[in-house]
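Under numbering that gives the first Met the number 0, residues 0 to 554 are what the sequence shown spells out, in order. Beta carbons: idealized from backbone N, C-alpha and C, even for Gly. Written out below as structure tokens is the structure these notes cover.
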Amino acid sequence: MSRGAAGGPAALGERAAPAGRAPGGDSTGRGPRRLDLRLLPAAVAAWAGAVWAVSAPAADGALAAAVLLLLLGSVVALLQRRGRGPARGRRGEREVGLVAGAVLVLAASGVVALSAAAQVAVARDGPLPQWAAEEAAAEVLLEVSTDPRRLAARPDGAPPRVLLRARVLEAESGGVRVAAAAPVLVLGGDSWSAVRPGERYAARGRLRPPDRPGRPVAVLLAAPEPARVAPAPPAHRAAERLRAGLRRACEGLPPDAAGLVPALVVGDTSMLPPELEADMRSVGLAHLTAVSGANTTLVCGAALLLAGAAGAGRRLRLVVAGGVLAGFVLLARPEPSVLRAAVMGGIGLLGLVAGRPGRGLPVLLAAVLVLLALDPWLAREHGFALSVLATAALLLLASSWTRWLQARGLPRWLAAALAVPAVAQAACGPVVVLLNPEVNLLSVPVNALAAPAVAPATVLGLAAALAAPCSPAVAAALAQLAAVATGWIALLARAAAAAPTALPLPAGARGAVLLALVTLLLVAVLAAAPHLLRAGRRPEPAGPRRRSGFRGAGW
């Protein structure tokens, strides 16, 4: 699960309904508002279209986009020619709603297909895919896109390797030199662990095709010692200084607690022990290391408060919050869950500027449409799917599940603590099984026990990162306090992973479908149980009860 998945509300506009009323209900208690699903068909169509378009040839995607946009133009022209006046009555309102929904579906699908076709054409242009198919040796100039990730040790005792994403700007093979803009995976030795996003390197290696279709068009088996030819842009360097300062502040702390502080705050898992990372994945706590909603909410809230304390007006406060949000994306890296939370936050800020604060689900669906239009490849990213599914589940189900538990006698705080991870587990479980074919029975209680430690660890860790450039001693003190909370999370992960509560499932789609069916069946049984119990009770006979002349012993 993603961090936003089982965590709290992700960003401005991403707030679940209070536990006393249904999502969308008004504050007067007069009942819930209708659920706003107007953007749902467009978001589903755009997602499905993006999944297809990024895997299809660019020409096919462009043709599909042209057809969709042509249909859109025809519908709009037809409406203008008919010159419809305002709809009257419920039937007219339904017709307008259906037409508007169709226009949204056509527009969203067409824009996403066009964006995907353009990006696929740029990525696959040139001889790089052919060189990869031939496993040719090449010299490349590349720009690093992600932090390097250390791979698990190989059983043959070979030196450790790291994996990262990059964009090839120039390539030469067999005396042919070309300009490019091709995304690739770089698999290299330990010398690649020091590279950072935004930096440019000259490297040599052998190209080969990716193991599975996706964004990268090739894998570069890189030779050691890449040569840096250009530093990262200033904004990237500033973000890296804060990340490095937080890592230094955590030096000297116990390994588990020290590794979790930067992981929770900025998604930096470079200090996280591999064994702890595996344990957290096993018990459903890995989402804590994928920065998203809770972090952006804290960052935006702090920016608004500080700007207000400095006397800034309403609009200036929102501009400051937007700038801080953009900076936080650089700090935490533009991973799928971070982008989802940041775009939701940005839409929420725009709504406040316009005087129309958005509600959670429409803001989420709008964010999905924006992100798929900008980066259609996100449709195939597990992290993006987990983040969206969990956020939607929290917005739609967290309050009702909390009320259901309260009705069974649990206090409100305990009902909410169990409902949030249970909702996230139900929504994300089938997708998680695609990555790790097992489900741990302790996932929900472990997440409930870990939740109180997440906020203090995040706040103190973020304060340590901001203090590091000015006062390393203050940063170290704050990191020590944050380590108390992360130490508790690590203890829970280690203890739960050691318990024999992991249930294996079939790998792949079979396991995902099985878990989805079991989850739906369990939810249905729990929801129907009270009604079945009430129906099973025999009604009391009317009138006075007649006493039997027989009494058993002890009656």
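### Query
Leaving out five residues before and five after Pro212 in sequence, what residues of the same chain have Cβ atoms less than 7 Å from its Cβ?
Ser54
### Task
On the DSSP bridge assignment, give the partners of Arg199 in chain order.
Glu142, Ala229
### Message
Nearest by alpha-carbon distance to Arg205: which of Ala365, Ala221, Arg199 is it?
### Response
Ala221
### Start and end residues, alpha helix (DSSP H) containing Gly292
Its alpha helix (DSSP H) spans residues 292–308.
### Task
Leaving aside the five residues before and after Ala481 along the sequence, list all residues of the same chain whose C-beta is less than 6 Å from its C-beta, in chain order.
For Ala481, same chain residues with a beta-carbon under 6 Å away, outside a window of 5 residues either side, are Val260, Ala456, Leu459, Gly460 in chain order.
### Task
Please report how far the alpha carbon of Pro254 lies from the alpha carbon of Ala202, in whole angstroms.
33 Å
### Query
For Ser399, which three-state DSSP category applies?
helix
### Query
Where do the ends of the beta strand (DSSP E) carrying Asn435 lie?
Per DSSP, Asn435 is not a residue of any beta strand (DSSP E), being assigned neither H nor E.
### Query
Just curious, the alpha helix (DSSP H) that Glu276 is in, first and last residue?
273–281
### Query
Whose C-beta lies closer than 6 Å to the C-beta of Ala178 among residues of the same chain, with five residues either side of it excluded?
Excluding sequence neighbours, Ala178 sits near Glu169.
### Query
Ordered along the chain, which non-local residues of its own chain (more than five positions away) have a Cβ less than 6 Å from that of Ala181?
Short of 6 Å from the beta carbon of Ala181, and not among the five residues preceding or following it, lie these beta carbons of its own chain, in chain order: Ala122, Leu127, Val167, Val216.
### Query
Among Ser108, Ala306, Ala101, which has the Cα closest to the Cα of Leu62?
Ser108
### Per DSSP, the bridge partner or partners of Leu440
Partner(s): none; Leu440 has no beta bridge.
### Query
With 16 as the cutoff for other CB atoms within 10 Å, does Pro410 come out buried or exposed?
exposed
### Distance between Ala248 and Leu368 (C-alpha atoms, nearest Å)
39 Å
### Query
So, helix, strand or coil for Ala612, using DSSP?
In the structure displayed, the chain extends from 0 to 554; residue 612 sits before or after that span and is not available.
### Task
Helix, strand or coil for Arg314, going by three-state DSSP, please let me know.
Of the three classes helix, strand and coil, the one that applies to Arg314 here is helix, per DSSP.
### Task
Inspect the CB distances between the region 379–389 and the region 427–439 and report whether three or more fall short of 8 Å.
yes
### Query
Under three-state DSSP, which class holds Pro254?
Looking at Pro254 - three-state DSSP - the assignment turns out to be helix.
### Under 9 Å between C-beta atoms of Gly266 and Val319
no
### Query
Which residues in the same chain have their Cβ closer than 7 Å to the Cβ of Gly321, if we skip the five residues on either side of it in sequence?
Gly345, Leu348
### Query
Does the distance from the C-beta atom of Leu219 to that of Leu186 stay below 9 Å?
Cβ distance < 9 Å, so Leu219 and Leu186 count as in contact.
### Task
Count the C-beta pairs between the region 33–53 and the region 98–116 that are closer than 8 Å, then say yes if the count reaches three, no if not.
yes
### Task
Mind reading off the beta-carbon distance from Leu417 to Ala498? Whole number of angstroms is fine, and I expect it under 8 Å.
That belief does not hold up - the Cβ atoms of Leu417 and Ala498 are roughly 18 Å apart, past 8 Å.
### Message
By alpha-carbon positions, which one of Ala372, Gly258, Ala106, Ser172 ends up nearest to Gly486?
### Response
Gly258
### Query
Do you know offhand how far Ala193's Cα is from Trp46's?
36 Å
#### Entry: Boundaries (first-last residue) of the alpha helix (DSSP H) holding Val218
Taken as a continuous stretch (DSSP letters only), Val218 belongs to no alpha helix (DSSP H), being part of the beta strand (DSSP E) at 217–221.
### Query
Between the Cα of Leu70 and the Cα atoms of Gln79, Ala44, Leu395, Leu105, which residue gives the shortest distance?
When only C-alpha atoms are compared, the closest one is Leu105.
### Alpha-carbon spacing of Val50 relative to Arg214, whole angstroms
So the two alpha carbons sit approximately 11 Å from each other.
#### Entry: Length at least 3, wholly inside the region 318–382: the beta strand (DSSP E) runs in chain order
none
### Message
Within 8 Å, do at least three Cβ pairs link the region 436–455 to the region 503–515?
### Response
yes
### Query
Below 8 Å, can you find three or more Cβ-Cβ pairs linking the region 441–453 to the region 230–242?
no
#### Entry: CA-to-CA distance, Ala489 to Ala472, given in whole angstroms
25 Å
### Query
When DSSP labels each residue in this structure, what does Arg573 get in the three-state scheme?
Shown here, the chain extends from 0 to 554; a query on residue 573 therefore has no answer.
### Query
Pick from Cys299, Pro375, Val323: whose alpha carbon is nearest that of Pro335?
Pro375
### Query
What's the call for Arg339, buried or exposed, on a 16-neighbour Cβ count within 10 Å?
buried
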